[in-house]
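A.B. asks: Protein chains in written order, with my numbering: chain A, 1277 to 1453; chain B, 212 to 519. Ideal Cβ positions, reconstructed from N, Cα and C, are used throughout, including at glycine.
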């Protein structure tokens, strides 16, 4: 009986997580492709409150070209000084997401994005897909490097977009304590 | 009766649980909960030092940096004439020595290269292997260590045609252990215990095997430029008196796929056995040369990550 009761409680306060979230960005222009992917983002979503947090190691972004990766870490993100990027925010319409029923739920997310030691408020749309017990969170948004004090030298202004597309995708599992 | 009490008990517990939950959420509002901390301690990762130097050379000397796996580095090194030749040679700009090289990363640890210099018509080939990589975190390693070996063949005409000349007399070898540490974002220092072997030397007063030690350092001025200095100390009594130790100072300037290295040096040769054992310029007399290395990298092969 007690167990049943606890189970009920934990469903109410369920949290979901991943340590293998995908974050890809496209920072290139028509002159040059600049794409990188990180597959080790961590995320926790609180299904009850809609609170969510993301964290990613900047050095974990993998590029096709080694030199680009070096420049990304050394000259742009300064990943030795700022090893992590993070997002701390909320799903504003969490009540419309039913984590126990299959479906695709449109969500609005807002919060604070921290990169390169700078924090900025952002908001974006995303989806949460529930299918046969697996939960997937997806979103796409744009950031301007200048907003995060990431300097682009004049010689590279034509290669690096000021609208960097960031694509986030994660399969979430139940967080059991 | 029993069922009834059971249901009652359950409802009661649920109410208590709900109450607890409400308490918990109330707490959420006042003190911010760090959701990610629920995942427990983060697993430590190994953080490798990258870009100890901007490119594969400090100035003349090889650095612990390699061309990454699948990357071709086309490199032109150029030394003008001595500055103290004065206005007639436009302070050396009328004279030029150069080496052209094709260097390739087989994987992220192993690179090979070939080059040709017009100084003594020499061709060279080298191999460089990263043995240790400086790291912190899960795996700790205070320094990066690379092995470097090169062979040079001198193709000038024989000076003395009256004797039997062997092809092997054209050969020179150099072996170095490159030991470097990136102390912080700006400062990196490298030591290079070195042995140069020369198959043919002038006479028995000089050595076939020459022991030397190189030291190089770079200090970053901005994110894309650095100040570099390099000195090679040859232990005394091994080479002809006319040769001196190599000393160079310069700047690295990085622009995307290019690295430009601009420097002043007293060494004309641009291969290892050359600047280590055959440097003639004197800094005191202004017998130094302005020079540059230009590196352009091309991604030609598939990128291969080294195994942990």
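Nearest to residue 404 of chain B by CA position, among B/427, B/251, B/270, is which residue?
C.D. replies: B/427
A.B. asks: Is residue 1334 of chain A helix, strand or coil when you go by DSSP?
C.D. replies: helix
A.B. asks: At which residues does the alpha helix (DSSP H) containing residue 1347 of chain A begin and terminate?
C.D. replies: Element bounds for residue 1347 of chain A: 1342 to 1347.
A.B. asks: Return no unless some Cβ of chain A is closer than 8 Å to the Cβ of residue 249 of chain B.
C.D. replies: Any Cβ of chain A closer than 8 Å to the Cβ of residue 249 of chain B would place that residue at the interface, and such an atom is present.
A.B. asks: Determine, for residue 275 of chain B, whether the minimum Cβ-Cβ distance to residues of chain A falls below 8 Å.
C.D. replies: no
A.B. asks: So which residues on chain B does residue 1329 of chain A lean against when the C-beta distance must stay under 8 Å?
C.D. replies: 245, 246, 247
A.B. asks: Suppose the cutoff is 6 Å on Cβ atoms and the five residues either side in sequence are ignored; what does the same chain contact list for residue 397 of chain B look like?
C.D. replies: 430, 431
A.B. asks: Just the chain A side, please: which residues come within less than 8 Å of residue 435 of chain B by C-beta, in chain order?
C.D. replies: Proximity of chain A to residue 435 of chain B at the Cβ level (cut-off 8 Å) is accounted for by 1351, 1429, in chain order.
A.B. asks: Where does the unbroken alpha helix (DSSP H) through residue 485 of chain B begin, and where does it stop?
C.D. replies: 483 to 488
A.B. asks: Between the stretch 376 to 383 of chain B and the stretch 349 to 367 of chain B, can you find at least three pairs of beta-carbon atoms closer than 8 Å?
C.D. replies: yes
A.B. asks: Can the beta-carbon of residue 1441 of chain A be found closer than 8 Å to that of residue 1339 of chain A?
C.D. replies: Not a contact, by the Cβ cut-off of 8 Å.
A.B. asks: If you follow the beta strand (DSSP E) that residue 1398 of chain A is part of, which residue opens it and which one closes it?
C.D. replies: 1394 to 1407
A.B. asks: Give a yes or no on whether the C-beta atoms belonging to residue 459 of chain B and residue 475 of chain B are separated by under 8 Å.
C.D. replies: yes
A.B. asks: Report all residues from its chain with a CB closer than 7 Å to the CB of residue 1437 of chain A; omit the five preceding and five following residues, and keep chain order.
C.D. replies: 1303, 1304, 1305
A.B. asks: Using a Cβ-Cβ cutoff of 7 Å, what residues of the stretch 330 to 353 of chain B are near chain A? List them in chain order.
C.D. replies: none
A.B. asks: Helix, strand or coil: which one does DSSP assign to residue 491 of chain B?
C.D. replies: coil
A.B. asks: Looking at chain B, is there any beta carbon in it that lies within less than 8 Å of the beta carbon of residue 1342 of chain A?
C.D. replies: yes
A.B. asks: Which residues share a DSSP beta bridge with residue 402 of chain B?
C.D. replies: B/390, B/426
A.B. asks: Going by the CB atoms, is the gap between residue 359 of chain B and residue 389 of chain B shorter than 8 Å?
C.D. replies: Contact: yes.
A.B. asks: For residue 1320 of chain A, decide whether its Cβ has a neighbour in chain B, counting only Cβ atoms nearer than 8 Å.
C.D. replies: Chain B contact via Cβ: present.
A.B. asks: Name the DSSP bridge partner or partners of residue 421 of chain B?
C.D. replies: The partner list for residue 421 of chain B (beta bridge, DSSP) reads B/407.
A.B. asks: Going by Cα to Cα distance, which pick from B/478, B/449, B/324 is closest to residue 308 of chain B?
C.D. replies: B/478
A.B. asks: Measure the Cβ-Cβ separation of residue 274 of chain B and residue 391 of chain B and say whether it is below 8 Å.
C.D. replies: The answer is yes: Cβ separation under 8 Å.
A.B. asks: Could you check the C-alpha separation between residue 394 of chain B and residue 1350 of chain A for me, to the nearest Å?
C.D. replies: 15 Å
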